[in-house]
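Enquirer: Take a look at the following structure, please.
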Amino acid sequence: MNLLNPYFGNFGGMYVPQILMPALQQLEKHFVESQNNKKFQNKLSYLLKNYAGRPTPLTLCKNITKNTNTKLYLKREDLLHGGAHKTNQVLAQALLAKKMCKNNIIAETGAGQHGIATAFACSLLNLKCRIYMGNKDIKRQEINVLKMKLMGATIIPVKSGSATLKDACNEALRDWSENYSDSHYMLGTAAGPHPYPIMVREFQKIIGIETKKQILYQEKKLPDKIIACVGGGSNAIGIFHDFIKDNVKLIGIEPGGTGMLQGQHGAPLQYGKTGIYFGMKSAMIQDKDGQIQQSHSISAGLDFPSVGPEHAWLHSIGRVKYYTISDQEALDAFINLCQSEGIIPALESAHAIAYALKIINQQPNKKQIIIVNLSGRGDKDIATIHNNIKNKRIKNVSI
Numbered sequence: 000m001n002l003l004n005p006y007f008g009n010f011g012g013m014y015v016p017q018i019l020m021p022a023l024q025q026l027e028k029h030f031v032e033s034q035n036n037k038k039f040q041n042k043l044s045y046l047l048k049n050y051a052g053r054p055t056p057l058t059l060c061k062n063i064t065k066n067t068n069t070k071l072y073l074k075r076e077d078l079l080h081g082g083a084h085k086t087n088q089v090l091a092q093a094l095l096a097k098k099m100c101k102n103n104i105i106a107e108t109g110a111g112q113h114g115i116a117t118a119f120a121c122s123l124l125n126l127k128c129r130i131y132m133g134n135k136d137i138k139r140q141e142i143n144v145l146k147m148k149l150m151g152a153t154i155i156p157v158k159s160g161s162a163t164l165k166d167a168c169n170e171a172l173r174d175w176s177e178n179y180s181d182s183h184y185m186l187g188t189a190a191g192p193h194p195y196p197i198m199v200r201e202f203q204k205i206i207g208i209e210t211k212k213q214i215l216y217q218e219k220k221l222p223d224k225i226i227a228c229v230g231g232g233s234n235a236i237g238i239f240h241d242f243i244k245d246n247v248k249l250i251g252i253e254p255g256g257t258g259m260l261q262g263q264h265g266a267p268l269q270y271g272k273t274g275i276y277f278g279m280k281s282a283m284i285q286d287k288d289g290q291i292q293q294s295h296s297i298s299a300g301l302d303f304p305s306v307g308p309e310h311a312w313l314h315s316i317g318r319v320k321y322y323t324i325s326d327q328e329a330l331d332a333f334i335n336l337c338q339s340e341g342i343i344p345a346l347e348s349a350h351a352i353a354y355a356l357k358i359i360n361q362q363p364n365k366k367q368i369i370i371v372n373l374s375g376r377g378d379k380d381i382a383t384i385h386n387n388i389k390n391k392r393i394k395n396v397s398i
């Protein structure tokens with residue numbers, strides 16, 4: 000019997016082997032208890048403020064919107080300890096693991112940001128951790144792998160399938176099935192079986208709560224639009240949640256990659272269909288027989304064939320609009336923000352920035368306030384950027 004509704008409309012659920020049900024129910028029980036446990040909440044608040052560095056700023060960008068009537072703000076999750084929003088919910092899950100007396104952490108990572116946050120938290124709270132990572136992602140995120148190892152994490156390369164995040168997720172779930180009695184699976188996004196989508200959202204909603212206070216303080220009104228990139232969807236659901244009932248347009252940006260054909264993008268909401276994968280019912284990229292297909296994105300963190308079930312539901316009811324941005328558009332926005340504002344965004348976040356710039360330039364005279372969730376910083380992507388400069392995909396930078 001579940002304590003919380005495991006579904007978002009027709010999406011969500013717990014599609015896992017029977018052996019994992021007790022572990023998920025135990026996690027749900029401790030999560031629900033922690034929400035009303037003052038000692039737990041005080042400990043988490045202390046870590047978020049004094050270790051992670053919350054609240055993060057809301058920065059007005061004046062240069063990139065020059066000659067337009069748009070006010071563009073960035074919610075600066077890139078300035079959080081670890082360089083991305085991932086730290087918020089990882090600290091909370093690490094405290095839950097301690098509460099459940101599970102001192103071994105299993106995690107997966109794509110871009111490495113969740114892996115780094117996990118390694119931070121495990122080092123801080125004296126937990127052992129092993130992190131699954133696709134071989135392809137290990138090569139394109141070499142610096143992040145080194146950081147994780149420096150903090151004592153064991154990195155387990157995944158060579159199966161496309162050797163990316165989806166394969167790392169499969170291996171992490173397989174490990175948890177065998178070791179759940181003493182191990183907690185620290186899932187990195189608002190996806191997977193219940194209670195992870197709800198739990199991750201609740202631990203990430205602080206982004207939206209802070210944003211609302213900050214924009215009301217600075218502008219005395221709510222923004223017209225909020226834009227966030229969507230892979231699994233945790234940064235997006237984190238900033239969207241506190242605005243769901245408000246008259247604010249919420250926009251999620253999936254990776255359009257290099258084209259609409261399978262294997263060229265990572266946009267299940269735009270080009271996928273409903274199916275079962277990774278313990279949940281959601282939108283996913285699959286063939287006519289229901290087999291999960293390979294995704295593609297220039298950003299490792301968005302290179303995922305599915306999406307969190309709450310996003311699938313919000314898409315189905317039309318409350319959030321989802322669009323795609325191509326690899327090239329993300330690269331152009333990456334350089335634009337660097338050169339205009341002195342901020343190096345993660346390639347994931349560059350997708351959201353690209354869409355914001357697209358709609359600003361379409362109606363330069365329109366008075367509007369737009370907030371983009373800058374989910375992470377781009378240090379990790381410098382090697383990818385360097386290669387694209389050498390390959391002439393970035394033309395206004397010389398090396």
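Quick note, the sequence shown lines up with residues 0 to 398 if you use numbering that gives the first Met the number 0. Note that beta-carbon positions come from the ideal geometry of N, C-alpha and C, so glycine has one too. Remember, it's a predicted structure, so these values are computed and weren't measured experimentally.
Could you compute how far the alpha carbon of F239 sits from the alpha carbon of K204?
Expert: For the purposes of this step, residue 239 is taken as the residue at position 240 of the sequence shown. For the purposes of this step, residue 204 is taken as the residue at position 205 of the sequence shown. Looking at the two C-alpha atoms, the distance is approximately 8 Å.
Enquirer: Thinking K379 and A110 are a contact (beta carbons under 8 Å), I'd like their distance in whole angstroms, please.
Expert: In the sequence shown, the residue the question calls residue 379 occupies position 380. In the sequence shown, the residue the question calls residue 110 occupies position 111. At roughly 6 Å, the Cβ-Cβ gap stays under 8 Å, so K379 and A110 are in contact.
Enquirer: Enumerate in chain order the residues of its own chain whose CB-to-CB distance from A349 is below 6 Å, with the five nearest sequence positions on each side excluded.
Expert: Numbered from its first residue, the sequence shown carries residue 349 at position 350. Same-chain partners within the cutoff: A329, A332 and F333.
Enquirer: Classify C100: buried if its beta carbon has 16 or more other beta carbons within 10 angstroms, exposed otherwise.
Expert: Within the sequence shown, the letter at position 101 stands for residue 100. With fewer than 16 Cβ atoms within 10 Å of its Cβ, C100 is classed as exposed.
Enquirer: From Y354 to Q263, what distance separates their C-alpha atoms?
Expert: Working through the sequence shown from its first residue, we reach residue 354 at position 355. Working through the sequence shown from its first residue, we reach residue 263 at position 264. For Y354 and Q263, the distance between alpha carbons rounds to 19 Å.
Enquirer: According to DSSP, is C128 part of a helix, a strand, or is it coil?
Expert: Within the sequence shown, residue 128 is the residue found at index 129, counting from 1. Strand at C128.
Enquirer: Rounding to the nearest angstrom, what Cα-Cα distance links K85 and S374 in this structure?
Expert: Sequence index remark: in the sequence shown, residue 85 carries index 86 (1-based). Sequence index remark: in the sequence shown, residue 374 carries index 375 (1-based). Straight-line Cα distance between these residues: approximately 8 Å.
Enquirer: Which residues in the same chain have their Cβ closer than 6 Å to the Cβ of H80, if we skip the five residues on either side of it in sequence?
Expert: Along the sequence shown, one-based indexing puts residue 80 at 81. Here the set comprises A51, G52 and T86.
Enquirer: Exposed or buried, what is P192 when buried is set at 16 or more other beta-carbons lying within 10 Å of its beta-carbon?
Expert: Taking the first residue of the sequence shown as 1, we reach residue 192 at position 193. Burial call: buried.
Enquirer: When DSSP builds the beta bridges, which residues end up paired with P308?
Expert: Mapped onto the sequence shown, residue 308 falls at position 309. Per DSSP, none; premise fails for P308.
Enquirer: Tell me whether the beta-carbon of L26 lies closer than 8 Å to the beta-carbon of P194.
Expert: Position 27 of the sequence shown, counting from 1, holds the residue named residue 26. Position 195 of the sequence shown, counting from 1, holds the residue named residue 194. The answer is yes: Cβ separation under 8 Å.
Enquirer: May I ask you to report which of helix, strand or coil DSSP gives H408?
Expert: Residue 408 lies beyond the stretch modelled for the chain, which goes from 0 to 398, so this question has no answer here.
Enquirer: How would you write the range of the beta strand (DSSP E) that P156 sits in, first residue to last?
Expert: To locate residue 156, count along the sequence shown from 1; it is residue 157. Taken as a continuous stretch (DSSP letters only), the beta strand (DSSP E) holding P156 covers T153 to V157.
Enquirer: Decide yes or no for the touch test of the stretch 9 to 21 against the stretch 272 to 292: beta carbon pairs closer than 8 Å, at least 3 of them.
Expert: Touching, yes.
Enquirer: Check T210 in the structure and name its three-state DSSP category.
Expert: The residue given as residue 210 occupies position 211 in the sequence shown. Note: T210 maps to helix in three-state DSSP.
Enquirer: Please report the distance separating the alpha-carbon of I252 from that of M259.
Expert: Your numbering for residue 252 matches position 253 in the sequence shown. Your numbering for residue 259 matches position 260 in the sequence shown. Rounded to whole angstroms, I252 to M259 spans 15 Å at the Cα level.
Enquirer: Which residue wins for smallest C-alpha separation from D463, given the options I208, T108 and C128?
Expert: With the chain covering 0 to 398 only, the question about residue 463 has no answer from this structure.
Enquirer: When DSSP labels each residue in this structure, what does N315 get in the three-state scheme?
Expert: Along the sequence shown, one-based indexing puts residue 315 at 316. The displayed chain sequence assigns Ser, not Asn, to residue 315. If DSSP states are grouped into helix, strand and coil, S315 belongs with the helices.
Enquirer: Under 6 Å Cβ to Cβ from L126, same chain only, skipping five residues before and after it: list those, please.
Expert: Stepping through the sequence shown from its first residue, residue 126 is reached at position 127. Answer for L126: N102 and I104, listed in chain order.
Enquirer: Just to check, is the beta-carbon of G8 closer than 7 Å to a non-hydrogen atom of the ligand PLP?
Expert: The ligand PLP is not part of the structure shown, which contains no ligands of any sort.
Enquirer: Decide if M283 is buried, meaning its Cβ has at least 16 other Cβ atoms within 10 Å, or exposed.
Expert: Here residue 283 corresponds to residue number 284 of the sequence shown, with the count starting at 1. M283 comes out buried.
Enquirer: Over what stretch of residues does the alpha helix (DSSP H) that includes Q292 continue unbroken?
Expert: Here residue 292 refers to the residue found at position 293 of the sequence shown. Where Q292 is concerned, there is no enclosing alpha helix (DSSP H), given that its DSSP letter is neither H nor E.
Enquirer: Identify, in the order they occur along the chain, each residue of the same chain with its Cβ nearer than 6 Å to the Cβ of G82, setting aside the five sequence neighbours on each side.
Expert: The residue labelled residue 82 in the question sits at position 83 within the sequence shown. These residues qualify, in order along the chain: G375 and R376.
Enquirer: I137: which of N387, K391, I388 and A382 sits nearest, CA to CA?
Expert: For the purposes of this step, residue 137 is identified with residue 138 of the sequence shown, where counting begins at 1. Minimum Cα distance to I137 is reached at A382.
Enquirer: Can you have a look at N387 and say buried or exposed, based on whether 16 or more other CB atoms are within 10 angstroms of its CB?
Expert: What you label residue 387 is simply residue 388 of the sequence shown in a count that begins at 1. With 16 or more other Cβ atoms within 10 Å, it is buried.
Enquirer: For G230, collect the residues of the same chain with a Cβ closer than 6 Å to its Cβ; drop the 5 residues on either side in sequence, then sort them by chain order.
Expert: Position 231 of the sequence shown, counted from the start, is the residue given in the question as residue 230. Cβ within range, chain order: G300, L301 and F303.
Enquirer: In this structure, what does DSSP give as the bridge partners for P344?
Expert: On the sequence shown, residue 344 is found 345 positions in, with the first residue counted as 1. Beta-bridge pairing links P344 to R376.
Enquirer: How far does the beta strand (DSSP E) with M283 in it reach, from first residue to last?
Expert: The count along the sequence shown starts at 1 and reaches residue 283 at position 284. First-last of the beta strand (DSSP E) with M283: M279 to M283.
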